[in-house]
Structure formats: structure tokens, C-alpha cells
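To convert, note that position 194 of the sequence shown is 196 in our numbering; the numbers rise steadily by one, no gaps.
Structure, as C-alpha cells:
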Amino acid sequence: GNHRKSLVQSLDESLKRLGIGYVDIIYVHAYAFRTPIEEIMRSLDDSVRSGKVLYIAVSDSPSWMISRANTMAELRGWSQFLALQTRYNLLNRSMEFDLQPACAELNIGICPWGCVAEGFLTGKYTKKSVKNLKNKNGRYPSILRLANVERNWEILDEVINIAAEVKKSPAQVALNWILQKPGVTSPVIGARTKAQVIENLKALEFK
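This is the structure we're talking about:
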């Protein structure tokens with residue numbers, strides 16, 4: 003949960019397990035709609051003042067919660083959220099309607115996750131190959147949902163065409179597009195291998 007006891011216990015256990023004295027940044031992972039925002043922000047500020055945390059951030063939370071939290075913190079002299087993690091990619095641009103403007107107003111950096119849509123935007127899936135996917139242990143539900151929307155295939159085709167034109171991979175094109183969006187500071191990449199990390203980093207090499 004987001005309550006004080008959970009924060010204090012989780013933070014102390016993490017510091018002990020890692021053998022360190024503080025963390026650079028701590029994220030509130032999704033607003034649970036149960037703990038008062040005032041309690042969350044006061045608890046986070048106490049953690050900063052204790053020296054166990056340098057900066058605070060939030061992920062997967064509504065814009066009204068983030069706006070209220072930072073306004074409250076500003077008025078009371080508490081630490082404010084300086085970063086937001088949220089889903090954002092060429093297939094899901096809902097962030098642009100409210101979260102992006104809110105972050106711009108509050109000077110919050112955006113760190114998008116899901117940038118290649120669970121691998122869909124890498125081009126490794128085709129309409130034919132998707133039909134053969136088995137939804138074993140919940141491994142492919144996201145891909146199967148994306149594959150059921152024809153517009154997603156149209157966007158993927160355009161990404162592949164641009165990638166061929168600029169001689170880059172589809173994943174690099176998808177990441178590069180995100181990097182050029184206002185407020186985005188650092189996409190969160192979900193690479194599993196060293197090769198994938200290297201490929202993703204090459205998205206920084208062109209505009």
C-alpha cells in the first residue's frame with residue numbers, strides 16, 4: 003500500500019538488503035486510492051529529511067492526484083514529485099491528453115515505459131505468427147490484444163517503412179519517436195539481453 007508503515011518498512015528493508023545508506027530516487031508505484039495524499043507526501047518528505055532518499059517520484063497515477071500532491075507539497079515546503087513513469091508508445095498515446103500537460107506545468111520529467119508495446123513495435127510479430135501464439139501462463143495476452151486492432155498493424159507498417167528508410171531497426175524508430183516528445187527525459191527500456199540494450203541505445207544516434 004501507499005501508507006506510512008508500508009513505506010518505512012519497505013525502504014528500511016531495501017536499504018538493509020542492498021547494503022546502502024540511501025537511494026537516489028524512490029517511486030510510489032501507483033496510487034492505491036486508499037491512503038490520503040497528505041499522508042503519502044508527508045511520509046515521503048520525512049524519508050528525504052532523514053537522508054534515506056534524495057528525490058521522490060510516482061508511477062501509473064492519475065494527473066489529478068499528481069497535481070494535488072505536488073501543490074500540497076509546495077504549499078507546505080515538502081519534497082515534490084520530480085518524475086513520472088507511465089505507459090507511452092505509438093499505440094497508446096493517452097498520456098498526451100492530461101498527464102503530459104500536467105507534468106509540463108509541474109516541471110515533472112516523464113519516464114515512459116512500454117515503449118515498444120511489449121515487443122509489438124519491434125516488428126518481430128506478424129499477423130501470421132500471432133495466430134500461432136498460445137496464451138500460456140499469461141505470456142502473450144498483451145500481444146494478442148494489440149494484434150486484434152487493425153490500426154496497430156497500420157502503425158507498425160509505417161514504423162517498419164521508416165526504419166528501412168533511415169536504416170535503423172523498428173525498435174530504434176519507436177524509441178526515437180518517444181525521445182522527441184515534450185517532457186520525456188528518459189524512456190524505461192525492458193531489454194532482456196546485452197544485444198537488446200545496445201540496439202535500444204542506438205536510438206540516441208539519430209533524429
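Every residue gets a Cβ at the ideal spot worked out from N, C-alpha and C, and that includes glycine.
Within 7 Å, strictly: CB atoms of Leu92 and Ala173: To locate residue 92, count along the sequence shown from 1; it is residue 90. To locate residue 173, count along the sequence shown from 1; it is residue 171. No. Outside cutoff.
Contacting residues, own chain, Cβ-Cβ under 6 Å from Asp47 (five flanking each side not counted): Looking up residue 47 in the sequence shown gives position 45. Around Asp47: Trp80, Ser81.
Supposed close pair Leu108, Asn72 - CB separation, criterion 8 Å: Indexing the sequence shown from 1 puts residue 108 at position 106. Indexing the sequence shown from 1 puts residue 72 at position 70. Yes, Leu108 and Asn72 are in contact; Cβ-Cβ is about 5 Å, under 8 Å.
For Asn114: DSSP bridge partner residues: Your numbering for residue 114 matches position 112 in the sequence shown. One detail in the question is off: residue 114 reads as Pro in this sequence, not Asn. In the DSSP output, where bridge partners are listed per residue, Pro114 has Thr88.
Distance cut-off 6 Å: Gln102 Cβ against heavy atoms of the ligand FAD: Here there are no bound small molecules, and the ligand FAD is not part of this structure.
For Asn94: DSSP bridge partner residues: Taking the first residue of the sequence shown as 1, we reach residue 94 at position 92. Paired residues: Asn91.
Straight-line Cα distance separating Ser171 from Leu2: Any property of residue 2 remains undetermined from this structure, which presents the chain solely from 3 to 209.
The segment 83-92 contacting the segment 48-56, beta-carbon criterion three pairs below 8 Å: no
CB of Ala104 within 7 Å of CB of Ser65, strictly: For the purposes of this step, residue 104 is identified with residue 102 of the sequence shown, where counting begins at 1. For the purposes of this step, residue 65 is identified with residue 63 of the sequence shown, where counting begins at 1. Cβ atoms of Ala104 and Ser65: closer than 7 Å.
DSSP state of Ala135 mapped onto helix, strand, coil: Within the sequence shown, numbered from 1, the residue matching residue 135 stands at position 133. As written in the sequence, residue 135 is Leu, which differs from the Ala given in the question. Three-state DSSP puts Leu135 in coil, outside helix and strand.
Assigned exposure category for Val199 - 16 Cβ within 10 Å defines buried: Locating residue 199 in the sequence shown gives position 197, where the first residue counts as 1. When all chains shown are included, Val199 counts as exposed.
Cβ-Cβ separation, Val25 to Val212 (assumed contact under 8 Å), whole Å: This structure cannot speak to residue 212, because the chain is shown only from 3 to 209.
Whole-angstrom distance between Ala149 and Lys129, CA atom to CA atom: As a first step, residue 129 must be located in the sequence shown, where it is residue number 127. As a first step, residue 149 must be located in the sequence shown, where it is residue number 147. Their backbone Cα atoms lie some 7 Å apart in a straight line.
Option nearest Arg36 by Cα separation, candidates Ser49, Ser12, Met74, Arg6: As a first step, residue 36 must be located in the sequence shown, where it is residue number 34. When only C-alpha atoms are compared, the closest one is Arg6.
Where Ala166 falls: helix, strand or coil (DSSP): Position 164 of the sequence shown, counted from the first residue, corresponds to residue 166. DSSP places Ala166 in helix when its eight states are reduced to three.
Contact set for Lys169: own chain, Cβ-Cβ below 8 Å, skip 5 residues either direction: Reading the sequence shown from its first residue, position 167 is the one you call residue 169. Nothing meets the Cβ criterion.
Contact check, Thr187 vs Gly116, beta carbons under 7 Å: Here residue 187 refers to the residue found at position 185 of the sequence shown. Here residue 116 refers to the residue found at position 114 of the sequence shown. No.
Straight-line Cα distance separating Asn202 from Trp155: In the sequence shown, the residue the question calls residue 155 occupies position 153. In the sequence shown, the residue the question calls residue 202 occupies position 200. If you take the alpha carbons of Trp155 and Asn202, they lie about 22 Å apart.
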